[in-house]
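Engineer: Have a look at the structure that comes next, please.
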Amino acid sequence: MPDVITDVNQMTPELLTEVLQATGTLPQGRVMTIEPQGLFYPTFTSTIVRLEVCYSADAPPSAPSHFLLKMSRPEAHSDVLADLGRPEVAFYTTISPAMSDSPAVDCYHALYIPDTRQFHILLADVSETHEQTEWPLPGTYPTCIQSVECLARFHAYWWDHPHLGTEIISRPSEFALQGPFSDLQERCTAFVNFLGDRLSPERRAVYDRVLAAWPALANRLTTGRDVTIVHGDAHMWNFLYPRGSPTDTACLVDWQLWHISVGASDLAYMMALHWYPDRRAALEQPLLRHYHHCLQEHGLRTYSWEACWRDYQWSAVRNLLLPVIQWAAKIPAAGWWPHLERAMLAFEDLDGDSLLKS
């Protein structure tokens, strides 16, 4: 498959046959027909199309009958969003294949073209065995447990891995992803000015205190200890949960924002950014303790509960910058405005000011 696919009609039976033969998925036979199923999932950066495939009679029964084709959208809202295909393709071609038990679904082909910033990713369709929860409802307790266990298993594998920060996994830290500190200050100032009287003086002052403490907080990542690869967008609707099978585990999709950080940042993203206070009051500590227990079960005995809790608090403070970054990336306000409210409430509940003063 020499060229990036930008239109579903470019995925021909001949091309798909070539891909499946190269991966060993189709040792004999060939693809006869490909039918888009009419299920198009537009996101800020991509379009996802479900494909139904028919094979020749000599193809093995195990050949998959459905796929998901993810393609870049030319009308991405900003340069930042337009370039998110690069890390996702890198994940599916480098990170996931390195694991024997990756939380990602199987990927058959992924390609990114730097000059045009276009990409495509051909994924397994696991909708017969897994399902998503309903947006925007928070997950039930059982699905929360599955999410936490999925994250802990992934984080533990890459925890202080020798390849982190090398040419093999060269993604910069979370702090570097947010650009030079002066740029971050400028974006925060512009964000606060944009909101005007929609942001109270008390909350404006919170941003001032976060920015004043941010260089010191960022030092947590520069130590290179107790860090891992994180998903970066681990809300409940990016998990796929098994349909009743006791042996299947949850999967994670949409790996565009993976990076090196503290593992608890994925938990803070899932809970502190997306849940309101009553839900957090009921489940926040129990789920984080379960996450810490799972890390220990995976062999991480030196990472204390106190360190895990502090990393979670730090990540909840960091969540305050996500609405700023999303606004600067021209994501519609319907996406970041609720995040701002929940992030502020979590900052207050978790005594973020004490962390900033420490």
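Throughout the sequence shown, residue numbering follows UniProt numbering, covering 1 to 358 in sequence. Note that the Cβ used here is the ideal one computed from N, Cα and C, for glycine as well.
Nearest to Asn319 by CA position, among Trp336, Trp309, Cys150 and Thr23, is which residue?
Structural biologist: Among Trp336, Trp309, Cys150 and Thr23, the Cα nearest to that of Asn319 belongs to Trp336.
Engineer: Pull up the distance between the alpha-carbon of Val192 and that of Leu199, whole angstroms please.
Structural biologist: Each residue's alpha carbon lies about 7 Å from the other.
Engineer: By how many angstroms is the C-alpha of Pro201 removed from the C-alpha of Ala250?
Structural biologist: Distance between the alpha carbons of Ala250 and Pro201: 42 Å.
Engineer: Considering Arg204, what are the terminal residues of the alpha helix (DSSP H) in which it resides?
Structural biologist: Start and end: Pro201 to Thr222.
Engineer: Between the Cα of Leu234 and the Cα atoms of Leu257, Gln185, Ile34 and Tyr291, which residue gives the shortest distance?
Structural biologist: The question names Leu, yet the displayed sequence has Ala at residue 234. Measuring from the Cα of Ala234, the nearest candidate turns out to be Leu257.
Engineer: Can you name, in chain order, every residue of its own chain whose Cβ lies under 6 Å from the Cβ of Ala63, other than the five neighbours on each side?
Structural biologist: The residues are Leu26 and Tyr55.
Engineer: Determine the extent of the beta strand (DSSP E) in which Ser72 is found, giving its start and end residues.
Structural biologist: His66 to Ser72 is the span of the beta strand (DSSP E), which, as asked, contains Ser72.
Engineer: Leaving aside the five residues before and after His298 along the sequence, list all residues of the same chain whose C-beta is less than 6 Å from its C-beta, in chain order.
Structural biologist: Excluding residues within five positions, the ones whose Cβ falls inside 6 Å are Ala156.
Engineer: Verify whether the separation of the beta carbon atoms of Leu240 and Glu131 is less than 8 Å.
Structural biologist: Yes, Cβ-Cβ distance for Leu240 and Glu131 is below 8 Å.
Engineer: Quick check: what's the CA-CA separation for Tyr108 versus Val19?
Structural biologist: Looking at the two C-alpha atoms, the distance is approximately 7 Å.
Engineer: Taking the alpha-carbon positions, what's the Thr129 to Thr247 distance?
Structural biologist: When rounded, the distance between both Cα atoms is 11 Å.
Engineer: Between Asp353 and the rest of its own chain, which residues show a CB-CB distance below 6 Å, the 5 nearest in sequence each way excluded?
Structural biologist: Contacts found: none.
Engineer: Could you check if Gly263 is buried or exposed, using at least 16 other CB atoms within 10 Å of its CB as the buried criterion?
Structural biologist: Counting Cβ neighbours within 10 Å, Gly263 comes out buried, since at least 16 surround it.
Engineer: Closest by CA to His290, which one among Gln146, Lys330, Phe119 and Pro36?
Structural biologist: Selected option, being the one with the closest Cα: Gln146.
Engineer: Measure the C-alpha to C-alpha separation of Ile325 and Gln185 and round it to an integer number of angstroms.
Structural biologist: Near 11 Å, if we compare the C-alpha coordinates of Gln185 and Ile325.
Engineer: CB Ala272 to CB Arg279, shorter than 8 Å?
Structural biologist: Taking 8 Å as the Cβ cut-off, Ala272 and Arg279 do not qualify as a contacting pair.
Engineer: With DSSP run on the structure shown, which of helix, strand or coil describes Phe347?
Structural biologist: The answer is helix: DSSP assigns Phe347 an H, G or I state.
Engineer: When the Cα atoms are used, what is the spatial distance from Thr45 to Asp254?
Structural biologist: Using only the alpha carbons, I get a separation of about 11 Å.
Engineer: Let me check one thing: in DSSP terms, what residues is Leu123 bridge-paired to?
Structural biologist: In DSSP, Leu123 forms a bridge with Leu68 and Cys107.
Engineer: So Leu322 and Ala343 are supposed to be a Cβ contact under 8 Å. How far apart are they, rounded?
Structural biologist: With 8 Å as the limit, Leu322 and Ala343 qualify as a contact, their Cβ atoms being about 7 Å apart.
Engineer: Count the other CB atoms, across all protein chains shown, that sit within 10 Å of the CB of Tyr276; report buried if there are 16 or more and exposed otherwise.
Structural biologist: By the neighbour-count rule (16 or more Cβ atoms within 10 Å), Tyr276 is not buried but exposed.
Engineer: What is the DSSP secondary structure of Tyr55, counted as helix, strand or coil?
Structural biologist: Residue state, collapsed to three classes: strand.
Engineer: For Arg203, which residues in the same chain have their Cβ closer than 8 Å to its Cβ, ignoring the five residues on either side in sequence?
Structural biologist: Correct list, in chain order: Met344.
Engineer: Cα-Cα, which of Val4, Phe181 and Pro138 is closest to Leu211?
Structural biologist: Looking at the Cα atoms, Phe181 is the closest of the given residues.
Engineer: Rounded to whole angstroms, what's the CA-CA distance from residue 371 to Asp106? Just pull it up for me.
Structural biologist: Residue numbering for the chain in the displayed model covers 1 to 358; residue 371 lies beyond these limits and cannot be assessed.
Engineer: Please give the ranges of any alpha helix (DSSP H) in the segment 250–280, keeping only runs that are unbroken, at least 4 residues long and fully inside the region.
Structural biologist: Segments of the alpha helix (DSSP H) lying fully in the segment 250–280: 264–270.
Engineer: Taking only three categories from DSSP, how would you classify Ile331?
Structural biologist: Three-state DSSP puts Ile331 in coil, outside helix and strand.
Engineer: Residue 443 to Tyr112, Cα distance in whole Å?
Structural biologist: Lying outside 1 to 358, the shown extent of the chain, residue 443 is not represented and no answer is given.
Engineer: If you follow the beta strand (DSSP E) that Thr228 is in, where does it begin and where does it stop?
Structural biologist: First-last of the beta strand (DSSP E) with Thr228: Thr228 to Val230.
Engineer: For Leu151 versus Trp158, is the C-beta distance shorter than 8 Å?
Structural biologist: The answer is no: Cβ separation not under 8 Å.
Engineer: If we call anything under 8 Å between Cβ atoms a contact, is Ser72 one with Phe119?
Structural biologist: A contact, by the Cβ cut-off of 8 Å.
Engineer: Can you tell me whether Ala282 is buried or exposed, with buried defined as 16 or more other CB within 10 angstroms of its CB?
Structural biologist: Ala282 comes out exposed.
Engineer: Quick check on the DSSP output: the alpha helix (DSSP H) that includes Thr240 runs from which residue to which?
Structural biologist: The question names Thr, but residue 240 in the sequence shown is Leu. Here Leu240 belongs to no alpha helix (DSSP H); instead the beta strand (DSSP E) covers Phe239 to Pro242.
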